[in-house]
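For what it's worth, full-length UniProt numbering labels the leading residue of the sequence shown as 1, then goes sequentially. One structure below.
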Amino acid sequence: MIGFRENDALVVAVCDRNGYDHLDIIGRALGCAAQPIPATQAAIGEAINLAYADRSSQAQQVIDSIDRDSVLNEVNLLASREDLLDTEGRAPIIRLVNHLLFDAVKAGASDVHIQPYEDRVVVRQRIDGVLFDSFEIPKTAQEEVLTRIKVLGKMNIAEKRLPQDGRATVQLGDRTVDLRIASLPTSHNERIVIRLLDKSARLYSLAELGMPPHYFDIFRRLISRDHGMVLVTGPTGSGKSTTLYGALQEIDSTDLNVLTLEDPIEYQLDGISQTQINEKKGMTFASGMRSVLRQDPDIIMVGEIRDAETAVMAIQASLTGHLVFSTLHTNDAASAVTRLLDLGIEPYLVSSSLVASLAQRLVRKLCGQCKQPDPNALGRLPKPPDSLLADQGITLADLKGVYRPVGCPECRQTGFRGRVGLFELLVVDDTCRDLIQSRGNASQIRDAGLAAGMHLLSTDGVLKIHQGITTLDEVMRVTSL
Numbered sequence: 001m002i003g004f005r006e007n008d009a010l011v012v013a014v015c016d017r018n019g020y021d022h023l024d025i026i027g028r029a030l031g032c033a034a035q036p037i038p039a040t041q042a043a044i045g046e047a048i049n050l051a052y053a054d055r056s057s058q059a060q061q062v063i064d065s066i067d068r069d070s071v072l073n074e075v076n077l078l079a080s081r082e083d084l085l086d087t088e089g090r091a092p093i094i095r096l097v098n099h100l101l102f103d104a105v106k107a108g109a110s111d112v113h114i115q116p117y118e119d120r121v122v123v124r125q126r127i128d129g130v131l132f133d134s135f136e137i138p139k140t141a142q143e144e145v146l147t148r149i150k151v152l153g154k155m156n157i158a159e160k161r162l163p164q165d166g167r168a169t170v171q172l173g174d175r176t177v178d179l180r181i182a183s184l185p186t187s188h189n190e191r192i193v194i195r196l197l198d199k200s201a202r203l204y205s206l207a208e209l210g211m212p213p214h215y216f217d218i219f220r221r222l223i224s225r226d227h228g229m230v231l232v233t234g235p236t237g238s239g240k241s242t243t244l245y246g247a248l249q250e251i252d253s254t255d256l257n258v259l260t261l262e263d264p265i266e267y268q269l270d271g272i273s274q275t276q277i278n279e280k281k282g283m284t285f286a287s288g289m290r291s292v293l294r295q296d297p298d299i300i301m302v303g304e305i306r307d308a309e310t311a312v313m314a315i316q317a318s319l320t321g322h323l324v325f326s327t328l329h330t331n332d333a334a335s336a337v338t339r340l341l342d343l344g345i346e347p348y349l350v351s352s353s354l355v356a357s358l359a360q361r362l363v364r365k366l367c368g369q370c371k372q373p374d375p376n377a378l379g380r381l382p383k384p385p386d387s388l389l390a391d392q393g394i395t396l397a398d399l400k401g402v403y404r405p406v407g408c409p410e411c412r413q414t415g416f417r418g419r420v421g422l423f424e425l426l427v428v429d430d431t432c433r434d435l436i437q438s439r440g441n442a443s444q445i446r447d448a449g450l451a452a453g454m455h456l457l458s459t460d461g462v463l464k465i466h467q468g469i470t471t472l473d474e475v476m477r478v479t480s481l
């Protein structure tokens, strides 16, 4: 429904009986009678879109309206204040913290670091996986800033000797951002890291992640199976959750019962039942698995396998007719196998359940507006293997060449905009199963994967360098190239 005023009367367009049932509530809330008019759902949707056509720019307007320098000047004027509860004194601090968060969202930062030093406090932002200094806060305002952030996260403002965790949700125009706040005592007072989860951010599909075409085709077939376990591996911040969300979007949830266990729930997925892990309340991945298995699931996504109990339950689920997705913190695809064995899982269970292991990393993409050819890098760069080019269906002549970052206003003078994935897909075949049964090491499993057509993370990186997508330094930063 949508309402509007017409000659001092409130007119509400409704398309079904539920709309009529809410007219009295609307009228009481606004202090006037609501007059209903019938309309189609499509017409109401179009009217809502027109009414909110400019909402996408509201967040930017809020950000741009805040003047950082003037706020910092006001903070400096408050240096002599001692009463942290003084309303007038706290107002500039609130505006400063708001700006700190708004600026991070504007820049697309994933994390904000409040780093204290002996004589200053530095605000840093992690953008595209790399930390940048944003601005400095006067040392005299440190306590007030930390207190304000702790209040946001519902943390104990009096406790400064122990680490704390907190959560908050803030609204920025039409964007909802979840904050995960963590404090840590240091020699120069507490440091705070804020993880930003923009609920309004667009979800990436599998096709947009940068997966090589032959990997993409294989992976889509794997996630279409009716049972088995598929693992996505890599360090924190390597895009594992994004890949799993992309996989879930490929699944037709109208015909299947899909459930997830997540910590945290980063994005809401239509048609999928998502459950938030809360270890403080006893809701762990392992206990969540027990409950999920009683919900008649077809597909289960477990945010992370952290312990042997969760691993056993995920494997048992995959062996009893369920398709299970999960993540592990390992350096490459083959190490996922040895990690499960190290957790005490019997080799026959791993070999029977594991379908594939996808290792990944994220590298920054060159800015398309300012990148320049870099012929000098060719001498340091290996040629992509012929087998990889054949899998891609391309030749050396199809490669765009090597480029270097320059920097422009579009990329904040960094030379990079956005990130792309590097991938290494190990499909568990009969040879690999035999190695798992005999407790083969990661090197042996890796060699078997390479013989079957697997390409290493570094090899995918070399190809993306030759395609003009990223640089040698970026690939070397996240792989062993």
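Even glycine gets a Cβ: it sits at the ideal position worked out from N, Cα and C.
Coarse secondary structure for residue i, derived from DSSP in three states
| i | result |
| --- | --- |
| residue 400 | coil |
| residue 57 | Here the model assigns residue 57 a pLDDT of 47, short of 50, so the residue's position is not dependable, and the following value carries that caveat. Helix. |
| residue 365 | strand |
| residue 479 | coil |
| residue 167 | strand |
| residue 83 | With a pLDDT of only 44 at residue 83, under 50, the local geometry of the prediction cannot be trusted, and the value read off the model is given with reservation. Coil. |
| residue 157 | coil |
| residue 498 | This structure cannot settle anything about residue 498, because the visible part of the chain is limited to 1 through 481. |
| residue 28 | helix |
| residue 466 | helix |
| residue 178 | strand |
| residue 14 | strand |
| residue 2 | strand |
| residue 108 | coil |
| residue 118 | coil |
| residue 427 | strand |
Option nearest residue i by Cα separation, candidates the options
| i | options | result |
| --- | --- | --- |
| residue 120 | 108, 106, 145 | 145 |
| residue 221 | 355, 138, 232 | 355 |
| residue 247 | 230, 163, 142, 116 | 230 |
| residue 426 | 434, 134, 450, 437 | 450 |
| residue 256 | 371, 295, 141, 407 | 295 |
| residue 213 | 349, 448, 289, 394 | 394 |
| residue 140 | 467, 117, 443 | 117 |
| residue 41 | 18, 26, 32, 388 | 18 |
| residue 163 | 177, 171, 192, 154 | 192 |
| residue 2 | 46, 32, 31, 261 | 46 |
| residue 159 | 190, 178, 142, 177 | 190 |
| residue 239 | 250, 44, 326, 319 | 326 |
| residue 414 | 398, 396, 381, 368 | 368 |
| residue 154 | 172, 161, 142, 183 | 183 |
| residue 237 | 380, 196, 310 | 196 |
| residue 235 | 332, 172, 157, 357 | 332 |
| residue 283 | 171, 377, 263, 194 | 263 |
| residue 95 | 107, 131, 149, 44 | 149 |
| residue 416 | 385, 469, 402, 375 | 469 |
| residue 44 | 16, 260, 25 | 16 |
| residue 363 | 463, 349, 373 | 463 |
| residue 359 | 370, 243, 408, 300 | 243 |
Own chain partners of residue i with C-beta closer than 8 Å, once the 5 adjacent residues on each side are dropped
| i | result |
| --- | --- |
| residue 226 | 298, 321, 323 |
| residue 123 | 100, 112, 113, 114, 115, 133, 134, 135, 136, 137 |
| residue 445 | 334, 337, 338, 426, 432, 435, 436 |
| residue 516 | Not covered by the structure: residue 516. The range shown for the chain is 1 to 481. |
| residue 30 | 10 |
| residue 286 | 307, 309, 310, 313 |
Beta-carbon separation (whole angstroms), residue i vs residue j, contact threshold 8 Å
| i | j | result |
| --- | --- | --- |
| residue 275 | residue 441 | Contact flag wrong, Cβ pair sits at about 36 Å. |
| residue 361 | residue 456 | With 8 Å as the limit, residue 361 and residue 456 do not qualify as a contact, their Cβ atoms being about 11 Å apart. |
| residue 439 | residue 343 | At roughly 13 Å, the Cβ-Cβ gap does not stay under 8 Å, so residue 439 and residue 343 are not in contact. |
| residue 180 | residue 105 | About 14 Å; that fails the 8 Å criterion. |
| residue 129 | residue 419 | 6 Å |
| residue 23 | residue 34 | 4 Å |
| residue 233 | residue 357 | 6 Å |
| residue 272 | residue 315 | Contact flag wrong, Cβ pair sits at about 22 Å. |
| residue 318 | residue 353 | 4 Å |
| residue 466 | residue 402 | 7 Å |
Sequence-distant residues of its chain with Cβ nearer than 7 Å to residue i (five each side left out)
| i | result |
| --- | --- |
| residue 126 | 109, 110, 111 |
| residue 429 | 452 |
| residue 458 | 475, 479, 480, 481 |
| residue 215 | 423, 425 |
| residue 399 | 466, 467 |
Own chain residues within Cβ distance below 6 Å of residue i, not counting five before or after
| i | result |
| --- | --- |
| residue 88 | Note that residue 88 has pLDDT 47, beneath the 50 cutoff, so the model's placement of it is unreliable and no number is given. |
| residue 501 | Residue 501 lies beyond the range of the chain shown here (1 to 481); nothing can be said about it. |
| residue 308 | 343, 344 |
| residue 253 | 271, 272 |
At what residue ranges does the segment 185-267 contain a whole run of the alpha helix (DSSP H), taking only runs of 4 or more?
-> 213-222, 240-249
Minimum length 4: unbroken alpha helix (DSSP H) runs contained in the segment 304-371 = 308-319, 335-342, 347-353
Can you list, in chain order, the stretches of the alpha helix (DSSP H) that have 4 or more residues and sit fully within the segment 435-463?
-> 442-451
What are the complete alpha helix (DSSP H) segments, minimum 4 residues, inside the segment 122-148?
-> none
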